[in-house]
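As structure tokens, the structure follows; a few thoughts come after it.
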Amino acid sequence: ELKVEQNPLFLSMQEGKNYTIYCNYSTTSDRLYWYRQDPGKSLESLFVLLSNGAVKQEGRLMASLDTKARLSTLHITAAVHDLSATYFCAVDIISGTSGSRLTFGEGTQLTVNP
Amino acid sequence: DAGVTQSPTHLIKTRGQQVTLRCSPKSGHDTVSWYQQALGQGPQFIFQYYEEEERQRGNFPDRFSGHQYPNYSSELNVNALLLGDSALYLCASSRTSGNYNEQFFGPGTRLTVL
């Protein structure tokens, strides 16, 4: 059974600081996603990582994927309050004619303090 | 181009009742997946519909059932509601054909069981 683990689960940081969220998964994956979720809202897609060594950046967020280590990271640079949210990684396994299904980590609740 | 839509937005039911949630996929998408997100947790895969049939199913009891219509819209039905069924229910649509079938999430339906 595929397991996806994130750490830390809770992260409180000051504005202007840098930090990294880690996502480990237990089996070979076809692709990995990072999502943001604000309280009471749905999931907002941030990044899709398709291959080993993939790196994507958007604003203060940068995501990378190491398929050999089964590890993805989400790096936050010079955090601002607007980044406060819960961040999820999700692993997608495509199974022949059975289509794909996402397995999510537990989420990292990020709070950026002024 | 409308994205994924879900109805209703919020729903309150009592234990033992039955509920139906609805989802319209993004234009051009033929596959609908349903996820349950309990408070403070990551979304859990319930099942996926393609060509009006259930293609994959997660670890959910038979009380959870679904349907897909010829226009690709989908319903999630939950019978004999339990308090533990209280959650945010997310619908995601995707296109099975092609090499890249990212799932796009709707706004969700918040179900409260009293």
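Line by line, the protein sequences give chains A and B.
Here the first sequence is numbered in my numbering, starting from 1 and rising by one per residue.
Here the second sequence is numbered in my numbering, starting from 1 and rising by one per residue.
Think of the CB as a built atom: it goes at the ideal place given N, C-alpha and C, for glycine as much as any other residue.
Can you tell which of Pro43/B, Thr5/B, Ser74/B has its C-alpha closest to the C-alpha of Thr31/B?
Minimum Cα distance to Thr31/B is reached at Ser74/B.
Can you pull out the residues from the region 61-92 of chain A whose beta carbon lies closer than 7 Å to at least one beta carbon of chain B?
So the list reads Phe88, given in the order they occur along the chain.
Give the list of continuous beta strand (DSSP E) stretches no shorter than 3 residues that lie fully inside the region 67-106 of chain B.
Correct list: 74-78, 87-94.
For my contact list, Ser42/A and Pro107/B are in at a C-beta cut-off of 8 Å; report their separation, rounded to the angstrom.
5 Å between Cβ atoms; contact.
Take Leu95/B and list the residues in its own chain whose beta-carbon comes closer than 8 Å to its own, dropping the five residues that flank it on each side.
One point to set straight first is that residue 95/B is Arg, not Leu, in the sequence displayed. Only Gly28, His29, Asp30, Thr31, Asn101 meet the Cβ criterion.
Run through chain A and tell me which residues come within less than 7 Å of Glu53/B, C-beta to C-beta.
The contacting residues do not exist; Glu53/B stays about 11 Å from chain A at best.
Less than 8 Å between CB atoms is the rule here; does Phe47/A satisfy it with respect to chain B?
So no, Phe47/A is outside the interface.
For Asp38/A, does the three-state DSSP call read helix, strand or coil?
Three-state result, Asp38/A: coil.
Thinking C-beta only, is Thr20/A closer than 8 Å to Leu116/A?
Summary: the structure shown does not reach residue 116/A, with chain A confined to residues 1 through 114, and so no result is reported for it.
Hey, how far is the Cα of Thr112/B from the Cα of Leu83/B?
Approximately 8 Å, taken between the alpha carbons.
Closest to Leu11/B by CA distance: which of Ser86/B, Phe105/B, Ala92/B is it?
Residue Ser86/B is the option with its Cα nearest to Leu11/B.
Are the CB atoms of Ser45/A and Ala54/A within a distance shorter than 8 Å?
Cβ atoms of Ala54/A and Ser45/A: not closer than 8 Å.
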